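2 protein chains.
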Amino acid sequence: MKSLTIGQLAHEVGINPESIRFYEAQNLVPEPPRSLAGYRMYPLSAVLRIRFIKRAQELGFSLKEIKELLSLAEDRTTDCADVRELAQAKVAEISQKIQTLEAMKRALTVLAETCPGTGPAVNCSILESISSDEARHEN
Amino acid sequence: MKSLTIGQLAHEVGINPESIRFYEAQNLVPEPPRSLAGYRMYPLSAVLRIRFIKRAQELGFSLKEIKELLSLAEDRTTDCADVRELAQAKVAEISQKIQTLEAMKRALTVLAETCPGTGPAVNCSILESISSDEARHEN
DNA sequence: CTAAACCCCGTAGTTATCTACAGGGTCAAG
DNA sequence: CTTGACCCTGTAGATAACTACGGGGTTTAG
Numbered sequence: 000m001k002s003l004t005i006g007q008l009a010h011e012v013g014i015n016p017e018s019i020r021f022y023e024a025q026n027l028v029p030e031p032p033r034s035l036a037g038y039r040m041y042p043l044s045a046v047l048r049i050r051f052i053k054r055a056q057e058l059g060f061s062l063k064e065i066k067e068l069l070s071l072a073e074d075r076t077t078d079c080a081d082v083r084e085l086a087q088a089k090v091a092e093i094s095q096k097i098q099t100l101e102a103m104k105r106a107l108t109v110l111a112e113t114c115p116g117t118g119p120a121v122n123c124s125i126l127e128s129i130s131s132d133e134a135r136h137e138n
Numbered sequence: 000m001k002s003l004t005i006g007q008l009a010h011e012v013g014i015n016p017e018s019i020r021f022y023e024a025q026n027l028v029p030e031p032p033r034s035l036a037g038y039r040m041y042p043l044s045a046v047l048r049i050r051f052i053k054r055a056q057e058l059g060f061s062l063k064e065i066k067e068l069l070s071l072a073e074d075r076t077t078d079c080a081d082v083r084e085l086a087q088a089k090v091a092e093i094s095q096k097i098q099t100l101e102a103m104k105r106a107l108t109v110l111a112e113t114c115p116g117t118g119p120a121v122n123c124s125i126l127e128s129i130s131s132d133e134a135r136h137e138n
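Protein chains in written order, with numbering that gives the first Met the number 0: chain A, 0 to 138; chain B, 0 to 138.
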């Protein structure tokens, strides 16, 4: 067995065939050769490519960024620094998101703690606080 | 001046009129009375309501959740505990997101540090690692 | 030989949160 | 009384990353 149908490939990597076609349409996966009947016949290397995509997604890269990573990976003249730059930019972006979430969490935790936890909500401190706080950006 | 046109209200809270109509369509803001010409005429309290929405968004609530918060806030029989529960659930959700992001950040940081930072990317450790790592979920 | 399970293409729908038109009416200033 | 800034409705587009569907052909197991 030298090649895989789209279904076999999808099964192998744990996504569904439609997603693979979608990746193809987005130029993340090259168009594979076709069988006589027009079926996509994937080389085994396609498994690696899709795993790369999935792993990069887990690391927080968007498909657009993954496309960039893939073309860097394919270009023999790419310098490591280019790749590292993308990685570092993504780290910075993730850090920023974390900061924002931490700020939201702190603010909400304070609210939840202030709430008496029982009694009519008419004077619930959470609702009051949401109503009246002028955006205290802690980030 | 007892009421505001949609443009005045929008200006007052710093969003644009289209968003207010959108909130109305989503039942986050009640339909206001209309002028003879059919213009929306908002009571001053609409300012508070939209500020509530904005503040809750900053705290990480989705519009759907905000709708829930608003109806809790309006229902005189609501108990504080119901509100606190929503807040705590949101704190948990945010914590989870933070954890995921922390894991992504750690993994990516390791990659970026391992990368020599120069030289051909053919054997760039980042690309290699993305290719071969079997999803090491650290979360 | 037939029925299930697969594949094809193209288009449309999903979720969230708006934003942008198009094609009209209205109001205030000069 | 005209011009520009506003308002109306309804529909479509933006973004991400798929998912579903309709209406077909193909392959394979029994």
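Yeah, the Cβ is synthetic: ideal placement off N, Cα and C, and Gly gets one too. Quick caveat: nothing in here was measured; it's all calculated off a predicted structure.
query: Top-ranked residue by Cα proximity to residue 43 of chain B, from B:11, B:27, B:103, B:57; result: B:11
query: Spatial neighbours of residue 92 of chain B in its chain, beta-carbon cut-off 8 Å, leaving aside the 5 residues before and after; result: 59
query: Within-9 Å CB hit, residue 94 of chain A to chain B; result: yes
query: When A:82, A:4, A:71, A:127 are compared against residue 36 of chain A, the one with the closest alpha-carbon; result: A:4
query: Sequence-distant residues of its chain with Cβ nearer than 6 Å to residue 127 of chain B (five each side left out); result: none
query: Cβ separation of residue 40 of chain B and residue 48 of chain B, assumed to be a contact under 8 Å, to the nearest whole Å; result: 15 Å between Cβ atoms; not a contact.
query: Spatial neighbours of residue 26 of chain B in its chain, beta-carbon cut-off 8 Å, leaving aside the 5 residues before and after; result: 66
query: Interface residues of the region 46-73 of chain A facing chain B [CB-CB below 8 Å]; result: 47, 50, 51, 53, 54, 55, 57, 58, 59, 68, 71, 72
query: Reference residue 102 of chain B, options A:105, A:102, A:106, A:97, closest by Cα; result: A:97
query: Residue 63 of chain B classed as buried or exposed, judged by whether at least 16 other C-beta atoms fall within 10 angstroms; result: exposed
query: Min CB distance residue 28 of chain A to chain B below 9 Å; result: no
query: Check whether residue 8 of chain B and residue 45 of chain B have beta carbons under 9 Å apart; result: yes
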